[in-house]
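My numbering applies: residue 18 is where the sequence shown begins, and numbers increase by one. For every residue, glycine included, the Cβ atom is placed at its ideal position computed from N, Cα and C. Please read the structure below before turning to the comments.
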Amino acid sequence: MKSISELLKKLDYSVLRGTTNKKITKVIYDSRKIEEGCLFICLKGAIFNGHDFAAEACEKKAGGIVICEDVILPENTDTTVIRVADTRYALAFISAAYFDHPAEKLKVIGITGTKGKTTTTYLVKSILEHAGYKVGLIGTIETIIGDTRIPANNTTPESYILQETFRKMADAGLDCVVMEVSSQGLMLHRTQGFTFDFGIFTNLEPDHIGPNEHASFEEYLACKGLLFKQCRVGIVNADDKHCSEVVKGHTCRLLTYGMDQDADYRATDMQLEREEGHIGVSFTVEGKANMQVMIPTPGRFSVYNALTAVAICDQFGVKKEIVAKALLQARVKGRIELVKVSDAFTVMIDYAHNAMALKSLLTTLKEYQPNRLVCVFGCGGNRSRQRRFEMGEVSGRLADFTIITSDNPRFEEPAAIMEDIETGMKKTCGNYIKIEDRKEAIRYAICHGQPGDIIVLAGKGHEDYQEIKGVKYPMDERVLIAQIMEEEHL
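What follows is the structure in structure tokens.
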């Protein structure tokens, strides 16, 4: 057990009551889990405010509470009361101390940006593992510790969970961890309490702006920039128009990548590759690393993802032969994931679930000049109707044929959601059909596939469920495709 003073060592604080010499049993930030002897951190959330449970913590004989606003407490409490400027910030440092600063035993790579975070984390993990490193991963899809895979609730976990995860990784003998760092995670101080060895910026576009997210694009940008005041080496996309603003005030050494001639790691001579149901891209890396790269995913954004991974792994001294082999073999579930159905046409699964992502994906695929570009997608229920109109319009303008289907209808009727998508579709001259059952929509696309087609199943990506009326039913598009192929004797 540690004393309160040991946990507060790297924080500015004032003691309002009691002593900091007291040993505490646990660090708790969920009011439902308060117990005798714990240190309760009062967090302010979107719905609940932990300060409302400060008196309850005292009544349950918590060893101490940490607050950042006034609270009313019982007169005769023995609970130590600590005041800090921000309890979320304090939780990060307290958690790091509670778990004995596990990040110091790992090389920590943090990747932030609007797009590319998930794919790049898996590429980096693949390369470093090919080079002999033991690598953990924390991201949107899952957390990976050795052979253990834990489905993710947040892109960047709460600071206590993050430090607990680092502890498990260090205890498991891992050398490094590559993680996605969301703007929300940075804004809510989840990544405080340690220093990233490498901080990476992929790109920035308007996203995550609205209630319970970011008040403005300026705030979103500023939060992304916080990473470069929390890392030793920054590796940033020099081609992104917001790059200089993101790294403004940085405290790290900076390296750049991109297609710009001044970038430290440059991608040149990009060539689209397509054969027998597969598509990809090849390019040359110049600058601080020199090598040829071939990747089995399409387009310019795939080049950026791979180039980012090359720049990161070059800092680890990974040989170029290992990098090239790992990139050719790397696969990311639900991110431009090619599923072999036929040599005649290409089928892929992607997580594109808003207009911006769908436009980027379809625009990239059109560069391969398919016979037809077929898009199968739906939209989530209990979400913005505007997204449905926009996605319908994007698919109508860019795809040659669209199959409108169901996604996660949640508590809405699938038919109503599909009608909203159709409203956007009708602003275009795009051809389409509506098939509510997602498996049947995929069956239609595959059974009507023509030589040279590219068929995109958009929106679900890595998800292996469909949420209907509050229940998540098993539904993995890879399984659906396998079932369809068996049923149709393909």
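Beta-carbon separation (whole angstroms), residue i vs residue j, contact threshold 8 Å
i, j, result
"C240", "S200", "4 Å"
"I21", "G81", "5 Å"
"T219", "Y321", "7 Å"
"E52", "K77", "7 Å"
"I126", "I45", "Actually they do not touch by this definition, with Cβ atoms about 30 Å apart."
"D214", "K151", "The Cβ separation is near 15 Å, so there is no contact."
"V264", "G242", "7 Å"
"G409", "E430", "Not a contact, Cβ separation roughly 17 Å."
"A328", "I312", "Contact doesn't hold; Cβ gap of about 15 Å is too wide."
Residue i versus residue j: straight-line alpha-carbon distance, rounded
i, j, result
"I463", "D437", "25 Å"
"V5", "G275", "It is not possible to answer for residue 5, since the shown part of the chain is limited to 18 through 507."
"Y9", "L154", "Residue 9 is absent from the model: the chain starts at 18 and stops at 507."
"I498", "D360", "15 Å"
"G133", "M365", "17 Å"
"A343", "V310", "10 Å"
"D117", "G62", "27 Å"
"T136", "A79", "43 Å"
"C85", "Y30", "10 Å"
"T301", "V194", "27 Å"
"G237", "L108", "Here residue 237 is Tyr; the residue named in the question, Gly, does not match the sequence. Between Y237 and L108, the C-alpha separation is close to 22 Å."
"G487", "F428", "7 Å"
"L145", "V335", "7 Å"
"M442", "A433", "14 Å"
"R34", "R249", "38 Å"
"R389", "F418", "7 Å"
"C550", "P91", "Residue 550 lies beyond the range of the chain shown here (18 to 507); nothing can be said about it."
"R270", "F245", "9 Å"
"M502", "D493", "14 Å"
"Y283", "A326", "Just to set this straight, residue 283 is Arg in the shown sequence, not Tyr. Distance between the alpha carbons of R283 and A326 is about 12 Å."
"N399", "A148", "45 Å"
Beta-bridge pairing of residue i - partner residues as DSSP gives them
i, result
"R291", "I296"
"C240", "DSSP, once it has assigned bridges, lists no residue as partnering C240."
"M196", "G127, I155"
"A284", "V302"
"K443", "Its beta-bridge partners do not exist; DSSP assigns none."
"D437", "BP columns for D437 are empty, so no partner."
"M365", "L355, V473"
"N448", "F418"
"N254", "Y274"
Residue i burial status per 10 Å Cβ neighbour count (16 or more: buried)
i, result
"I421", "buried"
"Y490", "exposed"
"I167", "exposed"
"D470", "buried"
"A416", "buried"
"K477", "buried"
"H506", "exposed"
"A458", "buried"
"Y482", "exposed"
"I64", "exposed"
Proximity test, Cβ basis, 8 Å: residue i and chain D
i, result
"S143", "No chain D is present in this structure, which holds just one protein chain."
Residue i: CB within 7 Å of a non-hydrogen atom of the ligand HEM
i, result
"D367", "For the structure depicted, the ligand HEM is absent and the ligand set is empty, with no information on it obtainable."
Could you give the uninterrupted runs of the beta strand (DSSP E) lying entirely in the segment 62-139, keeping only those of 3 residues or more?
81-84, 97-100, 124-129
Starting from the N-terminal side, write out each stretch of the beta strand (DSSP E) that is 3 residues or longer and does not extend beyond the segment 452-486.
471-475, 482-485
Please list the segments of the alpha helix (DSSP H) lying wholly inside the segment 301-361, counting only runs of 4 or more residues, in order along the chain.
316-331, 337-346
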